[in-house]
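> First, the structure itself, so that you have it in front of you.
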């Protein structure tokens, strides 16, 4: 089985989740069974994963797994379904708060909180006859109590209990003080399906146990289980310490160094420092680009195999779509799809457009993406300051987030990337697949591989917005060149076709398979001659 | 069904529990009636303790067992090392002597496993700790070998919650401890209806009343008998056709009504059909003081002659006092009486047989014995039941009973049935009903230690007198034999109890 391990799957996804979902689709299309593995408890998980196209049967969340709740028939639990064990209760609605108060004889019995539909129960806060809040019950969106939070007399959570949909407690964590008096999650106790009781000091140790369970449940002498770690901090401890052999993959979704432009920067990206420092504990390390894969190989000389596998896949349908010539596009329309955030450095893109605008007044720039709220929306403010200084209010528009990519990219002309760092950049891949002429800083990793100078646009020196403006002007002045690049963009997108990316994965799966017999022999599951 | 209701059956029981147990045995033997010993308290040793009072599984019904669905589970001797829940491939069980082991991982202690008391290597409880060594949870096993409850603790180590489990390990009843009048104490019991309703209670007694109502629902003719004053409120609140309070002790001392008797006699006599006492004297006193309260006299205890143990040789000049070592039973007086006896009969010995109310009180008595120069002649013997207790009665020449008050005095009857004459203080209410002076023993004015000593000395030194009283004792005991007592109970159940429509 192929496992793709992540933290959770929110409605608003970052690049890592998008990459994982594309991979999920790719594996399914090629008949390679796979599971999305989720580590964190999330009562809305199944709503979001179903929305994202993951059927429950292909989803294993660690908490679901221990709660016997991987596949549960949805139940609609409303106020009428609740039983507080108290007779003659009165309900008072608090519409502004999306909750009701349940009382009996003038005494508060419970507060009931609802999901945004104001009908289904989200959680209940339960009070004893002496006015103590003693328990909060959190409901899974599928309609069962998933988590109980038991309170202390001083109104803190003393312990948490996770239940099966039938109400059986199976997992507990305890909040206790250390020697310095700091309250923290200080222990876990798990009752497995066979009744065995395990204890864990940390959620890392619990996760390790879970991975061992998965490896055992899907154990197959014919092929190894492949664990792809999409967020290394989640299970980097447990995944390298499995009881039985498997094939473990560290997937680098971002630059491996703190300074992405310096592949030999002594400081590693904090997210990968621990895993990369022990990289040979993995079977393989995967980068999203050839360039990064080579840099990793050069720097770490891993015994682990290293692969370059694109995180993005351009659907066959898009590759086969009718192409739009430059003449039918809005002349001078530049777009960017990116969060308005420090690392995206979009104020530089505005600076480039300002230069272009002096010669070509028809140029416009539309920025699509959420504004990052960090530092009081500092990144957005910086973009707005350049717009103001350059008097580009009619030229540059902050459009906000959109999903209407096809319509926008089929009518625009160019795409710009001025990021400080990248892990891949799915947006620029989608842009070339729509025939947009792409301009990017020489930024690691992704844009400087997806964009090919002289083929589908221009890679300009890192941080040089003047050079970017010059490259854009060159294209705007020369309609033939523009059409050449646009055609080149459509064509170069084939590097990310389903078949091309699947071939990259097949190389990894072949490596897993090739090493499997030896692993089985080493762990004494087979005799040497059988292997 | 006749439900005789008590708090518990203990490892060490008082006369009340013994009397109640014998009554249940007596009535559940006869075909006409049926009787069950009902207990309120959670007791995972109940299956062991009921045997010490001679009860069979079907003769005992505990509230927690009832809700847990574990009333008739046979015992399995569950070895802790064979407990399926312990993953032996992951953790090591490290032994530390006969009483406990620890569960260890990589040299760190995860949990402590206590052996079931009084067994070799059977599972008693597992106490879990976090990575800092804080107490987190404790699983408690029943004497019969199954996991019966789980205790959880607050971060400060106080009990936070107990979950009571059914045989499948599923919680069916929870008890929660939170703030209650400035203390962390139980604030809620909740029955977790598997498919039915939840029911919430603020006290264990509210839950107990609910439980009794459940019993009555299944048998509307059921009679409830409250054997303990601490339970009168809970029994009184239940909706049964008949509810009786059985008094095992004097309701007043020195003319003062004891507070524990107020609910039945003063506050809510209407909740009860009536009060059962074991002596006509107490009945007369009650009738005079509380004319609204209906009373009846029934025997408090019963002797099963077919269970008599083989006789043992009398030890000359051996005195015994049997009962809880508590001030109201007068063990200090016994020591002073014995001092006088010893002066006249130098080879006399005294055995004080029973469990002390506290280690402190036992030490106090031992110190007293030493000061009186009795250390060599006095034996403090532990609480025993059955044949061992019978031997104490049978080897003694005299039983002394210097109690300050007695509702009846089960030890007096047991002594008589062993043929041992009794010298008792003439306190309310039992002794003068049981002891006939000059026939099976003698009575002295309450607190008259010199008279008691004189009568003991006379008995020890006058063989003819002793033999006469010995025979008198054996004869007197016959009225407490199973057959006549059963007849009296059946007459009561057919009469006052049978016709009551309270």
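Residue numbers (full-length UniProt numbering), protein chains in the order written: chain A, 1 to 531; chain B, 1 to 502.
Glycine included, every Cβ here is placed at the ideal spot set by N, Cα and C.
Can residue 494(B) and residue 300(B) be called in contact, C-beta distance under 7 angstroms?
As a working mapping, residue 494(B) is identified with position 494 in the second chain. As a working mapping, residue 300(B) is identified with position 300 in the second chain. No. Outside cutoff.
> Any residues in the stretch 238-249 of chain A with a beta carbon nearer than 9 angstroms to a beta carbon of chain B? Which ones, in chain order?
Cβ contacts with chain B come from no residue of the stretch 238-249 of chain A.
> Just to confirm the assignment, what range does the alpha helix (DSSP H) spanning residue 380(A) have?
Along the first chain, one-based indexing puts residue 380(A) at 380. Start and end: 374-389.
> Is there at least one Cβ from chain B nearer than 7 angstroms to residue 153(A)'s Cβ?
Counting from 1 along the first chain, the entry for residue 153(A) is found at position 153. True, the Cβ-Cβ gap to chain B drops below 7 angstroms.
> What separation, rounded to the nearest whole angstrom, lies between the Cα atoms of residue 415(A) and residue 437(A)?
Here residue 415(A) is taken as the residue at index 415 of the first chain, counted from 1. Here residue 437(A) is taken as the residue at index 437 of the first chain, counted from 1. Distance between the alpha carbons of residue 415(A) and residue 437(A): 6 angstroms.
> Looking only at C-alpha atoms, which of 498(A), 503(A), 244(A), 527(A) sits nearest to residue 29(A)?
In the first chain, residue 29(A) corresponds to position 29, counting from 1. The shortest C-alpha separation from residue 29(A) is found at 498(A).
> When the Cα atoms are used, what is the spatial distance from residue 237(B) to residue 87(B)?
Walking along the second chain from the start, residue 237(B) turns up at place 237. Walking along the second chain from the start, residue 87(B) turns up at place 87. Spanning the two alpha carbons is a distance of roughly 48 angstroms.
> Taking residue 512(A) as part of the alpha helix (DSSP H), name the residues at either end of that continuous run.
In the first chain, counting from the first residue as 1, residue 512(A) sits at position 512. Note, residue 512(A): alpha helix (DSSP H), 498-522.
> Less than 8 angstroms between the CB atoms is what I'm expecting for residue 321(B) and residue 399(B), so what's the real figure, rounded?
As a first step, residue 321(B) must be located in the second chain, where it is residue number 321. As a first step, residue 399(B) must be located in the second chain, where it is residue number 399. Yes, residue 321(B) and residue 399(B) are in contact; Cβ-Cβ is about 7 angstroms, under 8 angstroms.
> Using DSSP bridges, identify the partner residues of residue 4(B).
The count along the second chain starts at 1 and reaches residue 4(B) at position 4. Beta-bridge pairing links residue 4(B) to 37(B), 225(B).
> Assign residue 370(A) to buried or exposed, taking buried as 16 or more other Cβ atoms, counted over all protein chains shown, within 10 Å of its Cβ.
As a position in the first chain, residue 370(A) is number 370, starting the count at 1. Exposed, because fewer than 16 other Cβ atoms sit within 10 Å of the Cβ of residue 370(A).
> Please check the pair residue 377(B) and residue 335(B), which I expect to be a contact at CB under 8 angstroms, by giving their CB distance rounded to whole angstroms.
As a working note, residue 377(B) is residue 377 in the second chain. As a working note, residue 335(B) is residue 335 in the second chain. Not a contact, Cβ separation roughly 10 angstroms.
> One question on the structure: do residue 292(A) and residue 462(A) come within less than 7 angstroms of each other, judged by their Cβ atoms?
Counting from 1 along the first chain, the entry for residue 292(A) is found at position 292. Counting from 1 along the first chain, the entry for residue 462(A) is found at position 462. The answer is no: Cβ separation not under 7 angstroms.
> Any idea if residue 531(A) is buried or exposed, counting beta-carbon neighbours within 10 angstroms, 16 or more meaning buried?
Mapped onto the first chain, residue 531(A) falls at position 531. Interpretation of residue 531(A) is limited by its pLDDT of 46, a score under 50 that renders its predicted location unreliable; no figure is taken from the coordinates.
> Would you mind stating whether residue 283(A) and residue 247(A) have Cβ atoms separated by less than 7 angstroms?
On the first chain, position 283 is the one that residue 283(A) refers to. On the first chain, position 247 is the one that residue 247(A) refers to. Their beta carbons are under 7 angstroms apart, which means residue 283(A) touches residue 247(A) by this criterion.
> Tell me the residue span of the alpha helix (DSSP H) that contains residue 472(B).
Indexing the second chain from 1 puts residue 472(B) at position 472. Per DSSP, residue 472(B) belongs to the alpha helix (DSSP H) from 463-477.
> Using CA atoms only, rank isn't needed, just tell me which of 222(B), 239(B), 243(B) is closest to residue 228(B).
The residue given as residue 228(B) occupies position 228 in the second chain. The residue with the shortest Cα to Cα distance from residue 228(B) is 243(B).
> Span of the alpha helix (DSSP H) holding residue 186(B)?
Translated into the one-based positions of the second chain, residue 186(B) becomes position 186. Not the alpha helix (DSSP H): residue 186(B) falls in the beta strand (DSSP E), residues 183-191.
> Quick one: complete alpha helix (DSSP H) runs, 4+ long, within the stretch 6-60 of chain A?
You should have 15-29, 45-51.
> From residue 511(A) to residue 503(A), what does the alpha carbon distance come to, in whole angstroms?
Along the first chain, one-based indexing puts residue 511(A) at 511. Along the first chain, one-based indexing puts residue 503(A) at 503. Those two C-alpha atoms are separated by around 13 angstroms.
> List the residues of chain A whose Cβ lies closer than 9 angstroms to the Cβ of residue 84(B), in chain order.
The residue given as residue 84(B) occupies position 84 in the second chain. Here the neighbours are 194, 195, 196.
> DSSP three-state label for residue 306(A), please.
Here residue 306(A) corresponds to residue number 306 of the first chain, with the count starting at 1. Strand at residue 306(A).
> For the beta strand (DSSP E) that contains residue 353(B), what are its first and last residues?
The residue you call residue 353(B) lines up with position 353 of the second chain. That run of the beta strand (DSSP E) goes 349-353.
> My assumption, with CB atoms under 8 angstroms, is that residue 221(A) sits in contact with residue 520(A). Please give the rounded CB distance.
Stepping through the first chain from its first residue, residue 221(A) is reached at position 221. Stepping through the first chain from its first residue, residue 520(A) is reached at position 520. 7 angstroms between Cβ atoms; contact.
> Output the distance between the C-alpha atoms of residue 410(B) and residue 158(B), rounded to the nearest integer angstrom.
Position 410 of the second chain, counted from the start, is the residue given in the question as residue 410(B). Position 158 of the second chain, counted from the start, is the residue given in the question as residue 158(B). For residue 410(B) and residue 158(B), the distance between alpha carbons rounds to 40 angstroms.
> Which chain B residues sit within Cβ distance under 8 angstroms of residue 169(A)?
The residue you call residue 169(A) lines up with position 169 of the first chain. Here the neighbours are 163, 171.
> Work out the CA separation of residue 445(B) and residue 252(B) for me, nearest whole Å.
Reading the second chain from its first residue, position 252 is the one you call residue 252(B). Reading the second chain from its first residue, position 445 is the one you call residue 445(B). In a straight line, the C-alpha of residue 252(B) is about 18 angstroms away from that of residue 445(B).
> Can you give the beta carbon distance from residue 481(B) to residue 305(B), rounded, assuming they're within the 8 angstroms contact cut?
Here residue 481(B) refers to the residue found at position 481 of the second chain. Here residue 305(B) refers to the residue found at position 305 of the second chain. Confirmed, about 5 angstroms.
> Scan the stretch 92-121 of chain B for residues whose Cβ lies nearer than 9 angstroms to a Cβ of chain A and list them as they occur along the chain.
Cβ contacts with chain A: 103, 105, 108, 110, 111.
> Take the Cβ of residue 375(A) as the centre, count every other Cβ of all protein chains shown within 10 Å, and call the residue buried at 16 or more, exposed below.
Here residue 375(A) is taken as the residue at index 375 of the first chain, counted from 1. Under this definition residue 375(A) is an exposed residue.
> Excluding the 5 residues preceding and the 5 following residue 197(A) in the sequence, name in chain order all residues of the same chain whose CB lies nearer than 6 angstroms to its CB.
The sequence position of residue 197(A) within the first chain is 197, counting from 1. Closer than 6 angstroms at Cβ, skipping near neighbours: 191.
> For residue 287(B), name the three-state secondary structure that DSSP assigns.
For the purposes of this step, residue 287(B) is taken as residue 287 along the second chain, with counting starting at 1. Helix.
> Apart from the five residues on each side of it in sequence, which residues of its chain come closer than 6 angstroms, Cβ to Cβ, to residue 360(A)?
Looking up residue 360(A) in the first chain gives position 360. Excluding residues within five positions, the ones whose Cβ falls inside 6 angstroms are 332, 476.
> Would you mind sorting residue 539(A) into buried or exposed? The rule is 16 or more other CB atoms within 10 Å of its CB.
The shown model of chain A, from 1 to 531, leaves out residue 539(A), and the question about it has no answer.
> Return yes when the Cβ of residue 112(B) is within less than 7 angstroms of the Cβ of residue 100(B), no when it is not.
To locate residue 100(B), count along the second chain from 1; it is residue 100. To locate residue 112(B), count along the second chain from 1; it is residue 112. Going by C-beta atoms, residue 100(B) is nearer than 7 angstroms to residue 112(B).
> Step through the CB atoms of chain B and report whether any lies within less than 7 angstroms of the CB of residue 524(A).
Numbered from its first residue, the first chain carries residue 524(A) at position 524. Not closer than 7 angstroms to any Cβ of chain B, the Cβ of residue 524(A) fails to qualify, so no.
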